[in-house]
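Sequential numbering from 2 applies to the sequence shown in our numbering. Note that beta-carbon positions come from the ideal geometry of N, C-alpha and C, so glycine has one too. Structure record follows, encoded as C-alpha cells.
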Amino acid sequence: MITERIKGNIRKNKAIYTLLLFSFVSLLFIGLTATSSDFLTAPFRSFKDMIVLLVQWGAIMLVNFPFFFLLSINRYIYALLFPLISLFSISLAYFRYTTGTILTTMIIDVSLDNDLRISQELISIELIYLLVITLLISIAFVYYRFNRVGKQKTRQIFVQSILASVVGILLLSYYPLRRPSLERIPLNLIAVPYQYLKDYQEIKMSRKSLGGSLSIEGERPLVVLILGETLRADHLALNGYPRATNPRLCKETVISYPNIYSEATYTNASLPHILTRADSLHPERAKTEPSFIELFNRLNYQTYWLANQSSSNSFIYFMKECDSLIYANANKSVYVFDKWTDEDLLPHFDRVLKDEVRDGQLIILHTIGSHWYYNAHYTSDFEEFLPTAKSRIVSSNTSEEMINSYDNTVLFTDYFISEIIGRLKDKNALLIYLSDHGEALGEGGQWLHANEVEQAHNPACLLWFSDEYRLRYPERVQTAEFNREKVYRTDVLFHTILEGANIKWEFIDPSLSIFSH
Ligand SMILES: [Zn+2]
C-alpha cells in the first residue's frame, strides 16, 4: 500500500516535472531565437559585461517562465497560442535583425495610418521561409505536448494555474524586472498594443480649453522649439565649460541661460510640466490642461511635432495636439543601442519649412540629444573627445570615457542646433532650445538621470533670433540678453514662447517670461 502511494506520488511529481521542463524548453526556443535579438547588438567590452547581459536575458526569461508554464498546462490552449507566439516573435526578431526595427506604440500608430501597400512591402520571401520553418517547429512542440506530456488531474491544474499566475504577477510587479520584460519579446506582443490603447485613451480624454481672450499683435514669426534631452547647462562651452563643445554655436548670436532649474529629472515628468502652464504651485496642470500648442492652434498657426524620441503616455496628448505629427524614428526605443541621431529630423524639418501656410508655423522638434547610450546618438565625425565608453553597462566604463562620450553628444547637438539656425536665417524667426533636464556624470557617485543630483536639475536653455526678428523687436531681444544670468524654472517656457510669438493672452504671466524685466 505504502509502495503504491510512493509510486503514485512519483507519477504525479513526474508529470509536473515534465510539464515544467516542457514549458522551459518552449520558452527557451523563443528566448534564444527572438528575445536574444536585442542582446546580440548591445555594446559590451569584457567577459564580465557578457555575464551581466546574460543575467539580464535570464531575468527576462524568469519573468516569462510562469506565463509559459500557464500556457502549457492545457494542451489545447498551448496548441492554439504557442504557434501564434512563435510566429509573431520570430517576425519581430526578423525585423530587428534586418532593419533594426522594434515594436513600439509609434509603429502601431504609423501602421494604422498607412495603407496596406506598405505592409505588403515588408513581407519578403526570406520572412515567408522563416515563418514556415517556425510553424513546423512549433507544430512539433504541439505534437510533443499532446503525446509526451501527460494529462493532470483537474485539482492539480487548478492549483498550478493559480500558483503560476501569482508568481508571474509578483515578478512583473517588481519595477526593475517589469520595464525590460514588457519592452522585449515575447511580452511586448501584449504590452505594446496595450500601451497603444492606453495612449489612445489619453488622447481621447478631453482637457478643458485654456480659455481666455487671445490675439496676435503684429506679425506672426516662425516659432521653432527644440526640446532637448539630458543636456546639462554646465557642459556647454557657451556657459564657460572649458572644452570646446560649442564650436558652431559660439559663432552665432545665441543667448544661453545657464541658471534654469527643472523640477523633474526624467522626460515623462519633465515634458508635461514644460509644455503646460504647470508650475510648482500647480503641478497638476501638467495632467489636466492642454499645452501652449492649443493657443497657437486657436490662432490658426500651423503646428508640427517632429519626434525623434519614443512617444509616451505622459506627453502623447501634446504630440497629438499638433496639426502634424511626424516620427523620424518610429522603430526605435532607448532599450536598444543602435545608431540614432537627431540628424534624422533635418529632412523632415526641411520639408515642413516648405509647406505653404498662411498664418504662421510653430515647429516643435523633440530630440534624442544626449540620452544614454551616448555613443549611439552622435556620428563618427563627432567622436572628438577620446577615449569613449565601450559598454552599455555604465560601471564598465571609466569616468573619463563616460564624460568623453557625453561631451561628444553635446558637440553633436551643437551641430544640430546650428543646422536648424542655418535654415532660419532668412526668415522672421525665433528659436528656443530647452533640455528637459540635465544629467549626473559621476557627481556623488551617480550617473545618468532620474536622480536628485544638482546637475540633473539644471538643463541647457538657449534663445536665438533671426536678423529680421531682431530688427522688428529690438527691445524684446535686449531684455532677453539682459536676463541671461537670471535664475528661472522651466515654467518660463510657456509664457516666453507666447510672448516671443507676439501672442496676447489673458493669462500670460509676464513675471514668468524671459522677455519681461
Ligand atoms: Zn529626458
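query                                                                                                          : result
contact_flag[the region 312–327, the region 371–379] where n(CB pairs < 8 Å) is 3 or more                      : no
Backbone CA spacing between Glu253 and Gly59 [nearest angstrom]                                                : 50 Å
Inter-stretch contact at 8 Å, needing at least 3 Cβ pairs: the region 189–207 / the region 433–443             : no
8 Å Cβ shell around Met403 - same chain, five flanking residues per side excluded                              : Tyr375, Ala390, Val395, Leu442, Gly443 and Trp448
Residues that DSSP places opposite Ala308 in a beta bridge                                                     : Tyr328 and His367
Nearest-angstrom Cα separation, counted from Tyr416 out to Val224                                              : 20 Å
For Ser257: DSSP bridge partner residues                                                                       : Leu463
For Leu282 and Glu264, the rounded distance between their alpha carbons                                        : 12 Å
Straight-line Cα distance separating Ile17 from Ile74                                                          : 9 Å
Own chain, CB closer than 7 Å to Trp341, minus 5 neighbours either side, in chain order                        : Asn330, Lys333, Ile369, Ala377 and His378
Alpha-carbon to alpha-carbon, Asp468 and Ile365                                                                : 21 Å
Tyr79 versus Lys49 - alpha carbon distance                                                                     : 37 Å
DSSP beta-bridge partners of Trp448                                                                            : Leu442
Asn301 classed as buried or exposed, judged by whether at least 16 other C-beta atoms fall within 10 angstroms : exposed
Contact check, Leu499 vs Phe293, beta carbons under 8 Å                                                        : yes
Same chain only: Cβ atoms within 7 Å of Glu295, ignoring 5 sequence neighbours per side                        : Ser210, Leu211 and Glu322
Neighbouring residues (CB closer than 7 Å to any heavy atom of ligand 1)                                       : Glu230, Thr231, Tyr267, Thr268, Ser271, His372, Asp437, His438 and His450
Alpha helix (DSSP H) segments (min. 4 residues) lying fully within the region 8–51                             : 37–40
Residues that DSSP places opposite Ser216 in a beta bridge                                                     : Lys505
Supposed contact pair Thr19 and Val520 - C-beta distance, whole angstroms, cut 8 Å                             : A question about residue 520 goes unanswered here, because the residues of the chain that appear run from 2 up to 518.
Delimiting residues of the alpha helix (DSSP H) encompassing Leu1                                              : There is no way to answer for residue 1, as the model of the chain reaches only from 2 to 518.
Neighbour-count burial assignment, Ala141, 16 or more Cβ in a 10 Å radius                                      : exposed
Buried or exposed by the 16-neighbour rule on C-beta atoms within 10 Å, applied to Asn260                      : exposed
For Tyr201, the nearest candidate out of Ser257, Asn65 and Asp110 (CA to CA)                                   : Asp110
Cys323 Cβ short of 7 Å to ligand 3 heavy atom set                                                              : Of the ligands one can find in the structure shown, namely ligand 1, none is ligand 3.
Check whether Ser381 and Tyr407 have beta carbons under 8 Å apart                                              : no
Per DSSP, the bridge partner or partners of Ser1                                                               : Nothing in the structure corresponds to residue 1, since the chain is present only between 2 and 518.
Asp39 versus Ser392 - alpha carbon distance                                                                    : 15 Å
Straight-line Cα distance separating Glu5 from Gln153                                                          : 18 Å
Nearest residue (CA-CA) to Pro284, options Phe516, Asp492, Met62 and Met51                                     : Asp492
Rounded straight-line distance, which links the Cα of Thr135 to that of Tyr144                                 : 14 Å
Straight-line gap, Leu276 to Ile227 (C-alpha atoms, nearest Å)                                                 : 12 Å
Sequence-distant residues of the same chain with beta carbon closer than 7 Å to Glu507, five excluded per side : Gly213 and Ser214
Phe25 vs Gly169 beta-carbon contact at 8 Å                                                                     : no
Interface flag, Phe483 vs chain B, CB-CB below 8 Å                                                             : Of the protein chains in this structure there is only one, and it is not chain B.
Neighbour-count burial assignment, Arg477, 16 or more Cβ in a 10 Å radius                                      : buried
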